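In the numbering used here, the protein residues as written are 60 to 197.
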Amino acid sequence: MEKLPSVGLLSTIGVEEVESWRQRFSLSDEVAIRIPVPFDRVSDFEVDEVPVYEGFFKSGFRDRVPSLVAKISETFGISPGQLNPPSWKTLIAMQNLGDLEGLTIGVAEILYSYSVSSMNTGEGRHHLRPRSKTPPVQ
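So this is what it looks like as structure tokens:
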């Protein structure tokens, strides 16, 4: 498979930054942080890897991908980081609603209302696309 052309700035993360993140954001040693090489793209990450930005840590993200994000990603064989941020936001909100109301919201419930579609960026990114408003059963 051919590598996609680079888009945007190259990563400038080094070992020193990773260590400062561990201390500043209290990251467990069990969290493996891989420093990307210049040609890494979001689509190059494995299913069990999540590309993150320092801003994720500042917003409270630590060491666990929300279970609904993980289940949707696993179902489609993509890295959670390949889902765009609005998709994460939707899935987290639905998971929180389910937790608060005692509802079970899983992959089937999400796929009833949404499909997972590739974005047109060519970078292996995906998003949740609302299905038609027409009910599937009349």
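The beta carbon of each residue, even a glycine, is placed where N, CA and C say it ideally should be. All figures in this text were calculated on a predicted structure; none of them were measured in a lab.
Quick check on the burial criterion: 16 or more other C-beta atoms within 10 angstroms. Buried or exposed for R161? Residue identity differs from the one stated: residue 161 is Gly in this sequence, not Arg. Exposed, by the Cβ-count rule.
Can you give me the start and stop residues for the beta strand (DSSP E) that V175 sits inside? Y173 to S177
Excluding the five sequence neighbours on either side, which residues of its own chain have a C-beta within less than 6 Å of the C-beta of M153, listed in chain order? I164
Is the distance from the Cβ of F125 to the Cβ of L142 below 8 Å? Reading the sequence as shown, one finds Pro at residue 125 and not Phe. No, they are not a contact pair.
Since P144 is in the alpha helix (DSSP H), which residue starts that stretch and which ends it? P144 to E160
Status (buried if at least 16 other CB within 10 Å, exposed otherwise) for L127: buried
Please classify K189: does DSSP put it in a helix, a strand, or coil? Note on identity: in this sequence residue 189 is Pro, with Lys being the wrong assignment. Here P189 sits in strand by DSSP.
Does the beta-carbon distance from V166 to I137 come in below 8 Å? no
Out of N179, L159 and R188, point me to the one whose CA is closest to S172's CA. R188
For I131, which of helix, strand or coil comes out of DSSP? helix
Nearest-angstrom Cα separation, counted from F135 out to S174: 11 Å
Does DSSP classify L170 as helix, strand or coil? helix
Three-state secondary structure (DSSP) at S85? coil
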